[in-house]
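Enquirer: Chains as they are written, first to last, in our numbering: chain A, 1 to 401; chain B, 1001 to 1401. Glycine included, C-beta positions come from ideal geometry on N, C-alpha and C. I'd like to ask some things about the structure below.
Protein chains: 2
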Amino acid sequence: MKFGGSSLASGERLQAVTDLIVAALDRGIQPVVAASAMGDTTDALVELARGLSPRPGGRDYDLLLSTGEVVSCALLSISLNERGIPAQAVTGPGAGIVTDSRHGQARIEHIDPRVLHQLLDRGITPVVAGFQGASADGAVTTLGRGASDTTAIALAVTLGTDHCEIFTDVDGIYSADPRLVPRARKLETITYEETLEMASLGARVMHPRSVELAMRHKLRVTVRSSFNNQPGTEIVAREAIDIETGTRVRAVVDDDDVARITVEGVPDAPGLSHALFEPLAEAGVNVDIIVQNLSHQGATDISFTTGLEDFDRAIEIVRAVAERVGAAGVTWSDEVAKISIVGIGMQSAPGVAARMFGTLAAEGINITSITTSEILVTCLIDEDRLQEAARALHTAFELDN
Amino acid sequence: MKFGGSSLASGERLQAVTDLIVAALDRGIQPVVAASAMGDTTDALVELARGLSPRPGGRDYDLLLSTGEVVSCALLSISLNERGIPAQAVTGPGAGIVTDSRHGQARIEHIDPRVLHQLLDRGITPVVAGFQGASADGAVTTLGRGASDTTAIALAVTLGTDHCEIFTDVDGIYSADPRLVPRARKLETITYEETLEMASLGARVMHPRSVELAMRHKLRVTVRSSFNNQPGTEIVAREAIDIETGTRVRAVVDDDDVARITVEGVPDAPGLSHALFEPLAEAGVNVDIIVQNLSHQGATDISFTTGLEDFDRAIEIVRAVAERVGAAGVTWSDEVAKISIVGIGMQSAPGVAARMFGTLAAEGINITSITTSEILVTCLIDEDRLQEAARALHTAFELDN
Chain A
1 MKFGGSSLAS GERLQAVTDL IVAALDRGIQ PVVAASAMGD TTDALVELAR GLSPRPGGRD
61 YDLLLSTGEV VSCALLSISL NERGIPAQAV TGPGAGIVTD SRHGQARIEH IDPRVLHQLL
121 DRGITPVVAG FQGASADGAV TTLGRGASDT TAIALAVTLG TDHCEIFTDV DGIYSADPRL
181 VPRARKLETI TYEETLEMAS LGARVMHPRS VELAMRHKLR VTVRSSFNNQ PGTEIVAREA
241 IDIETGTRVR AVVDDDDVAR ITVEGVPDAP GLSHALFEPL AEAGVNVDII VQNLSHQGAT
301 DISFTTGLED FDRAIEIVRA VAERVGAAGV TWSDEVAKIS IVGIGMQSAP GVAARMFGTL
361 AAEGINITSI TTSEILVTCL IDEDRLQEAA RALHTAFELD N
Chain B
1001 MKFGGSSLAS GERLQAVTDL IVAALDRGIQ PVVAASAMGD TTDALVELAR GLSPRPGGRD
1061 YDLLLSTGEV VSCALLSISL NERGIPAQAV TGPGAGIVTD SRHGQARIEH IDPRVLHQLL
1121 DRGITPVVAG FQGASADGAV TTLGRGASDT TAIALAVTLG TDHCEIFTDV DGIYSADPRL
1181 VPRARKLETI TYEETLEMAS LGARVMHPRS VELAMRHKLR VTVRSSFNNQ PGTEIVAREA
1241 IDIETGTRVR AVVDDDDVAR ITVEGVPDAP GLSHALFEPL AEAGVNVDII VQNLSHQGAT
1301 DISFTTGLED FDRAIEIVRA VAERVGAAGV TWSDEVAKIS IVGIGMQSAP GVAARMFGTL
1361 AAEGINITSI TTSEILVTCL IDEDRLQEAA RALHTAFELD N
């Protein structure tokens, strides 16, 4: 049972989550609990650190951020014990979570489950701090924002549990963002692959790495609300979905956390893309839609999109590269957005992409760039047309009802 | 260099403390830093826990409270590194601080200094989280409120440093509380013994255990402000003070954090005091001034004082004992206060206690109970006369100038 920050944002919420855990125990389930930091705790810690260092990072910063999850786990365990449930808060390192030493974006290398097994054998419910582990040299590491989901899935896989419940502040995974598309519906089931694409698109359903891990181990995962008793959305294997008759497009995903950067007038020579994208990759900048114009008089324009979080770093790197390779200039816009349709079997259904372009064209929405994968089509459009685009596509692909 | 919570209460204060550490390094000193939690952090964590459990304690609660110091150390280290000073935040367990397993009031058993030596050998300034350690089984423990001083002194003793500076929000140790006695003066020097008595009386100069530890190892300690450049108060060995000519009373100490509990009509039989005070000691209730009236018709009254923090627990225990031994009843008052005079050589100077009683009498202040030690006289008085008593005694013992 994994609880996100909004599920733990207050003493009242901690009580409600305690109720959920007690109810599971009453049903004969022995849960392992993983918890995020309470509400905005992590943001507050980030802000404190940024007041002292413009770009905090590394070992001390990870130690700092790791305290948020320790606080929520300790409180949750205190609350469980108060209700007569033997429980114990366990830090990420204490739970045997060993990571590499890439502070701020560490990867779990393995989990030594002995401490958790010892607790479970003694009938004690472990409450494990998400988002953190320790590198081989004992330094506390963090797994990146939102990675408490990864902790939960990794624990479930390691301990061989048959189910992982991700409790959040929405009822499950939706066919579109309900704030943007009033007709969005909660999906009863969705495949790992679709969830992964949606998560990677920033749909904030689950952390992409956690979905990947669950998919690899075919772990049964349910995304549901800690605020009510609704059944949530079950994430299932592709085999479980009837592809022939199933709706081909399952969801419309919007993302306005996007900036486009263009390097103009790049002399067209071999290795230029490498010169640009290698330093971006090294700096950990996630690059998304890449478009290179046809060469014109020996020069070309290269555009790509990146998340707003990475924008400052990206611009700094791109400017340096542009100067080195003798590009004409660098331009950018953060008034762009991505609109995507996601669905397995999309590839085998002809005309899905065409219907998407046609729908947007009928609304007079201009498409700047396009990317596609087996189960995904993404268009870059103007940010101020995002809501219209989402609603039109939701209707066009028969998701409204 | 130990910094208290008020010295670290904001980003601005963290910067000021960073300046102090940088200045020490510039003077050729290699400090080891110990830090308390920022401002009211610990109180906020206590409040959160009390919202979930009326009397939180034990392992989870210690883990919870330990996060406050980890946060301030991580931030301080981030700030030092930003200023070009190699530094690293270290938790209490990470610094090798091994304690017994009495959660909430653990004692340091030993410190394994290897990690700190390794950091110092590499020119890295350790920033150690005060107030915490780990028991032999790896559980995080806390040393009790205010015990970051103890962490600092224990580290200084273990590492063989020649000086420990306790940075706080006052200029040093005063001849009385300046809020109560406007003529109170900062003392340039004071003995370990006097500091210990004052600390035990709740003068909030330093944690009593830390003073004891410094005394045992004759560690040079300075209490000074992190808010200015004043030299502070140096705590010295008794031998360094000229007893013959020195002022016999060094300070007046007030304490209104006191409640008096009286068990009335206790049948006068052997073992009654034991029956009363044994369970109080077991519950960790600090009992101070004990007064037993002369037996009257086979029954007696027993009064004692305790801190307000312990009051609820004390009353509960005392009521149970009173019922068991057939006492007539239990009464109490929290409108009492302690006023004390402290000074080495007091014993060898006749008439000090008499002058104290006379001074209070001349002010019309009634004394309920009295305790004395070699260097201390304490009177229990009405709380609303505390300020008059403090001022009168400060003048009577020639501390005003």
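Can you check which of these residues, A:Met-1, A:Gly-57, A:Ala-23, A:Cys-73, is closest to A:Ala-9 by C-alpha distance?
Expert: A:Ala-9 has its Cα closest to that of A:Cys-73, out of A:Met-1, A:Gly-57, A:Ala-23, A:Cys-73.
Enquirer: Can you give me the Cβ contacts of B:Ala-1314 inside the same chain, cut-off strictly under 7 Å, excluding the 5 residues immediately before and after it?
Expert: The beta carbon of B:Ala-1314 is closer than 7 Å to those of Ile-1261, Leu-1280, Val-1285, Thr-1306 in its chain, skipping five residues each way along the sequence.
Enquirer: Taking 8 Å as the threshold, find out whether the region 158-169 of chain A comes into contact with the region 342-355 of chain A through three or more Cβ pairs.
Expert: no
Enquirer: Beta-carbon of A:Leu-63 versus every beta-carbon of chain B: anything under 8 Å?
Expert: yes
Enquirer: Output the distance between the C-alpha atoms of B:Asp-1384 and B:Leu-1360, rounded to the nearest integer angstrom.
Expert: For B:Asp-1384 and B:Leu-1360, the distance between alpha carbons rounds to 13 Å.
Enquirer: Which chain A residues sit within Cβ distance under 9 Å of B:Thr-1158?
Expert: In chain order: nothing, as chain A lies at least about 20 Å away.
Enquirer: Indicate the three-state DSSP secondary structure (helix, strand or coil) for B:Leu-1014 in the structure shown.
Expert: helix
Enquirer: Along the chain, where does the beta strand (DSSP E) that runs through B:Gln-1132 open and close?
Expert: 1132-1135
Enquirer: Rounded to the nearest angstrom, how far is the Cβ of A:Thr-161 from that of A:Val-22, given a contact under 8 Å?
Expert: At roughly 18 Å, the Cβ-Cβ gap does not stay under 8 Å, so A:Thr-161 and A:Val-22 are not in contact.
Enquirer: Hey, is B:Ala-1089's beta-carbon within less than 8 Å of any beta-carbon in chain A?
Expert: yes
Enquirer: Restricting to Cα atoms, I'd like to know which of B:Val-1258, B:Gln-1387, B:Thr-1142, B:Arg-1179 is closest to B:Phe-1311.
Expert: B:Val-1258
Enquirer: From the DSSP output, which residues share a beta bridge with B:Pro-1267?
Expert: B:Ala-1299.
Enquirer: So is A:His-394 buried or exposed if we call it buried at 16+ other beta carbons inside 10 Å?
Expert: A:His-394 counts as buried, since no fewer than 16 other beta carbons sit within 10 angstroms of its beta carbon.
Enquirer: Going straight from the alpha carbon of B:Pro-1178 to that of A:Arg-59, what length do you get?
Expert: 43 Å
Enquirer: Considering only the alpha carbon of each residue, which of B:Ala-1362, B:Met-1038, B:Asp-1062, B:Thr-1195 lies closest to B:Ala-1419?
Expert: There is no way to answer for residue 1419 of chain B, as the model of chain B reaches only from 1001 to 1401.
Enquirer: List the residues of chain B that A:Thr-67 touches, going by C-beta distances under 7 Å, in chain order.
Expert: Thr-1067, Val-1070, Val-1071
Enquirer: By the 7 Å beta-carbon criterion, what residues does the region 49-62 of chain A contribute toward chain B?
Expert: Ala-49, Gly-51, Leu-52, Ser-53, Pro-56, Arg-59, Asp-60, Tyr-61
Enquirer: For A:Thr-150, name the three-state secondary structure that DSSP assigns.
Expert: helix
Enquirer: Which residues of chain A have a Cβ atom closer than 7 Å to the Cβ of B:Gly-1011, listed in chain order?
Expert: Leu-48, Gly-51, Leu-52
Enquirer: Which chain A residues are close to B:Ile-1021, counting only those with a beta carbon under 8 Å from its beta carbon?
Expert: Neighbours of B:Ile-1021 on chain A: none; closest Cβ ~13 Å, over 8 Å.
Enquirer: Going residue by residue through the region 1055-1087 of chain B, where are the continuous alpha helix (DSSP H) segments of at least 4 residues, counting only ones entirely within it?
Expert: 1058-1082
Enquirer: Using CA atoms only, rank isn't needed, just tell me which of B:Val-1211, B:Ile-1302, B:Thr-1195, B:Pro-1231 is closest to B:Arg-1250.
Expert: B:Thr-1195
Enquirer: Within the chosen definition, does the region 1135-1150 of chain B reach the region 1197-1215 of chain B through at least 3 CB pairs nearer than 8 Å?
Expert: yes
Enquirer: Check each residue of the region 93-115 of chain A: if its Cβ is closer than 8 Å to any Cβ of chain B, include it; give the result in chain order.
Expert: Gly-94
Enquirer: For the beta strand (DSSP E) that contains A:Pro-126, what are its first and last residues?
Expert: 125-129
Enquirer: Would you mind stating whether A:Thr-99 and A:Ala-106 have Cβ atoms separated by less than 8 Å?
Expert: yes
Enquirer: For A:Phe-357, which three-state DSSP category applies?
Expert: helix
Enquirer: State the DSSP-derived secondary structure class of B:Ala-1203, mapped to helix, strand or coil.
Expert: Assignment of B:Ala-1203 by DSSP, reduced to helix, strand and coil, places it in the coil class.
Enquirer: Taking C-beta to C-beta, are A:Gly-92 and A:Ala-136 nearer than 8 Å?
Expert: Contact: no.
Enquirer: Taking C-beta to C-beta, are A:Ile-153 and A:Leu-219 nearer than 8 Å?
Expert: Going by beta carbons, A:Ile-153 and A:Leu-219 fall inside the 8 Å limit.
Enquirer: By Cβ distance, which residues of its chain are closer than 8 Å to B:Glu-1363, with the 5 residues on each side in sequence left out?
Expert: Taken in chain order, the residues that qualify are Arg-1385, Glu-1388, Ala-1389, Ala-1392.
Enquirer: Tell me, to the nearest whole angstrom, how far the beta carbon of B:Val-1071 is from that of A:Leu-75; I am working on the premise that it is less than 8 Å.
Expert: With 8 Å as the limit, B:Val-1071 and A:Leu-75 do not qualify as a contact, their Cβ atoms being about 16 Å apart.
Enquirer: If I'm right that B:Leu-1213 touches B:Asp-1255 with Cβ under 8 Å, what's the distance once you round it to whole angstroms?
Expert: About 23 Å separates the two Cβ atoms, so there is no contact after all.
Enquirer: Using 7 Å as the cut-off, classify the Cβ of B:Arg-1204 as near or not near the heavy atoms of the ligand FAD, replying yes or no.
Expert: Although the ligand FAD was asked about, the structure shown includes no ligands whatsoever.
Enquirer: As a quick exercise: from A:Thr-151, A:Ala-354, A:Gln-132, A:Gly-11, pick the residue whose alpha carbon is nearest that of A:Leu-80.
Expert: A:Gly-11
Enquirer: Just curious, the beta strand (DSSP E) that A:Ser-225 is in, first and last residue?
Expert: 221-225
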